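Asker:
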Amino acid sequence: MPFSFEISRGDLTGARRGRLTTPHGAIETPVFMPVGTQATVKSLRNEALEELGARIILGNTYHLYLRPGHELIRKLGGLHQFMSWNRAILTDSGGYQVFSLSELRKITDEGVRFRSHLDGSEHLLTPERAAEIQLALGSDIAMVLDECIETPAPRDKAEAAVKRTAAWAKRAREYFLQQAQRNGDLPQWQFGIVQGATFADLRRDSAKQLIEISFPGYAVGGLAVGEPHDITCEITAEVTALLPKHKPRYLMGVGRPEQIADYVALGIDMMDCVLPTRAARHACLYTSEGKVLIKNARYAQDQRPVDPACSCSVCQRYTRAYLRHLFAAGELTAAILATHHNIHFYLDLMRQIREAIEFGNLAKFSSEVQARYAAGPA
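All the letters of the sequence shown, read from the start, carry residue numbers 593 to 970 under our numbering.
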């Protein structure tokens with residue numbers, strides 16, 4: 593199997609510098625994965641993503657299952673060929689999207705019965721089905737179906753979700769291994785997802801149950817959904833303390849620029865978030881000095897680049913005044929340029945974090961980023 597994960601360097605904080613090797617290339621960790629929900633990172637061509645140095649992106653099982661359909665994608669050569677992306681792809685299970693359709697779904701031990709948000713058609717997503725769809729998509733890393741719940745959640749609901757998540761993870765793993773036995777080694781890694789809301793003991797229980805099932809990697813799900821940042825860190829620390837040290841750890845759905853180093857310091861190797869792309873479409877640009885809300889009148893005659901310290905092609909060529917004009921005029925180019933910059937910023941932030949781990953000064957780097965974000969842009 594062309595998969596491996598190696599840790600090359602540690603940091604006093606608990607951070608890890610490593611390399612995750614997949615059939616579609618090696619990825620330096622810790623890594624941030626841009627979100628490509630519907631087989632595209634919104635507003636960016638794949639050529640731009642390659643230029644920016646993205647080595648792995650995220651695709652969404654729920655959306656791709658409903659449109660254009662996993663069987664069509666399989667017939668067309670799999671997700672990599674379909675979207676013309678020859679680097680790594682991680683697909684989520686679709687669970688988060690299904691559970692967010694609170695009016696359109698019913699959860700049982702069998703799985704989740706839901707109605708499509710597109711046409712109202714009824715579907716059943718089971719742990720086996722989620723694994724089957726992701727095998728058809730041909731992603732490098734596939735997530736098992738888990739039960740996501742709201743935060744804050746009552747303890748009895750969190751307990752039930754932990755129990756169901758473990759049962760579903762076992763079923764998904766058995767299905768995956770049966771397919772591997774039937775078809776030979778599969779060019780995909782399957783990750784389990786730890787749940788348990790903000791209850792430390794339930795998180796520990798969930799982690800232990802998933803470790804027993806034995807996955808090549810583990811994710812921490814159901815966090816960064818409204819709880820305070822210190823609680824996110826506290827619960828993540830509970831989980832990473834138990835997860836196998838030699839396997840990759842993925843914190844789902846994070847995070848803000850000033851928070852990312854905190855997660856890395858807890859031993860997280862992978863993360864994803866829609867924030868850089870979504871913020872870009874709403875005229876929010878991340879810089880080395882904090883957020884720039886480019887629609888503000890103060891930038892109407894500002895001839896500086898978005899971030900004078902940034903080496904991206906947008907900052908090398910365009911001014912704040914021009915970007916503000918594009919947003920004010922409703923031009924599509926506004927979102928394209930802003931997204932390019934924000935993705936560059938996030939990927940470069942990860943590069944700096946990896947460098948800080950290499951030199952053993954992640955804590956210093958983290959406090960400097962937090963101080964700059966607290967002060968805000970000039």
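Cβ atoms here follow ideal geometry from the backbone N, Cα and C, with glycine treated the same way.
Here the structure is a predicted model, which is why all the values come from computation and not from measurement.
Helix, strand or coil, according to DSSP, for THR632 in the structure here?
Answerer: It is coil, neither helix nor strand.
Asker: Only counting the same chain, and skipping five residues up and downstream in sequence, which positions put a Cβ closer than 7 Å to that of THR977?
Answerer: Because residue 977 is not part of the residues shown, which for the chain are 593 to 970, the question remains open.
Asker: For ALA792, which of MET735, ALA829, THR743 and VAL961 has the nearest alpha-carbon?
Answerer: Checked all of MET735, ALA829, THR743 and VAL961; the closest Cα to ALA792 is ALA829.
Asker: I'd like the ranges of any alpha helix (DSSP H) spanning at least 4 consecutive residues and lying wholly in the segment 860–902.
Answerer: If we require 4 residues or more, the alpha helix (DSSP H) runs fully inside the segment 860–902 come out as 867–873.
Asker: Suppose you measure from the CA of GLN944 to the CA of LYS698; what does that come to, to the nearest Å?
Answerer: Going from the Cα of GLN944 to the Cα of LYS698 covers about 44 Å.
Asker: My assumption, with CB atoms under 8 Å, is that MET625 sits in contact with LEU641. Please give the rounded CB distance.
Answerer: In fact, because the Cβ distance is near 11 Å, the residues do not count as touching under 8 Å.
Asker: Among the residues of its own chain, which have a CB less than 8 Å from the CB of PHE957, if the five just before and after it don't count?
Answerer: Cβ within range, chain order: ALA853, GLN944, ILE945 and ALA948.
Asker: Could you give the distance in angstroms between the alpha-carbon of THR832 and the alpha-carbon of GLU826?
Answerer: So the two alpha carbons sit approximately 10 Å from each other.
Asker: Tell me the residue span of the alpha helix (DSSP H) that contains VAL754.
Answerer: Residues 747–775.
Asker: When the Cα atoms are used, what is the spatial distance from GLU751 to VAL633?
Answerer: Roughly 35 Å between the two C-alpha positions.
Asker: Less than 7 Å between C-beta atoms, sequence neighbours within five positions excluded: which residues of the same chain meet that for HIS821?
Answerer: Within the same chain, HIS821 has close Cβ partners GLN851.
Asker: Select from GLY784, ARG870 and VAL817 the residue whose C-alpha is nearest the C-alpha of GLY845.
Answerer: Of the listed residues, the one whose Cα sits closest to GLY845 is VAL817.
Asker: Could you tell me the boundaries of the alpha helix (DSSP H) in which THR931 lies?
Answerer: Per DSSP, THR931 belongs to the alpha helix (DSSP H) from 924–951.
Asker: Quick one: Cα of SER798 to Cα of PRO808, how far?
Answerer: Approximately 16 Å between the Cα atoms of the pair.
Asker: Which of the three DSSP states, helix, strand or coil, is assigned to VAL812?
Answerer: The answer is strand: DSSP assigns VAL812 an E or B state.
Asker: Taking the C-alpha atoms as reference points, what is the distance between LEU834 and CYS740?
Answerer: LEU834 and CYS740: Cα-Cα distance of roughly 21 Å.
Asker: For ALA772, I'd like the list of residues in its chain whose CB is within less than 7 Å of its CB, leaving aside the five on either flank, ordered along the chain.
Answerer: Once the five neighbours on either side are set aside, the close Cβ partners of ALA772 are LEU778.
Asker: State the start and end residues of the unbroken alpha helix (DSSP H) segment that holds VAL574.
Answerer: Absent from the model: residue 574. The displayed extent of the chain is 593 to 970, so no value can be given.
Asker: Please report how far the alpha carbon of GLY871 lies from the alpha carbon of ILE928, in whole angstroms.
Answerer: It should be pointed out that residue 871 corresponds to Ala in this sequence rather than to Gly. Rounded to whole angstroms, ALA871 to ILE928 spans 12 Å at the Cα level.
Asker: What's the call for GLN895, buried or exposed, on a 16-neighbour Cβ count within 10 Å?
Answerer: Exposed, by the Cβ-count rule.
Asker: Please report the residue range of the alpha helix (DSSP H) in which ILE741 lies.
Answerer: First-last for ILE741: undefined, no H or E at that position.
Asker: From this set, ASP861, CYS876 and ARG848, which residue's C-alpha is nearest TYR810's C-alpha?
Answerer: Minimum Cα distance to TYR810 is reached at ASP861.
Asker: For a test of the three-state rule: what should DSSP assign to MET675, helix, strand or coil?
Answerer: MET675: helix per DSSP, three-state reduction.
Asker: In three-state DSSP terms, what is ALA607?
Answerer: Of the three classes helix, strand and coil, the one that applies to ALA607 here is coil, per DSSP.
Asker: Residues bridged to GLN782 by DSSP?
Answerer: ALA734.
Asker: Give the straight-line distance between the Cα atoms of GLN780 and LEU664, rounded to the nearest whole angstrom.
Answerer: Distance between the alpha carbons of GLN780 and LEU664 is about 19 Å.
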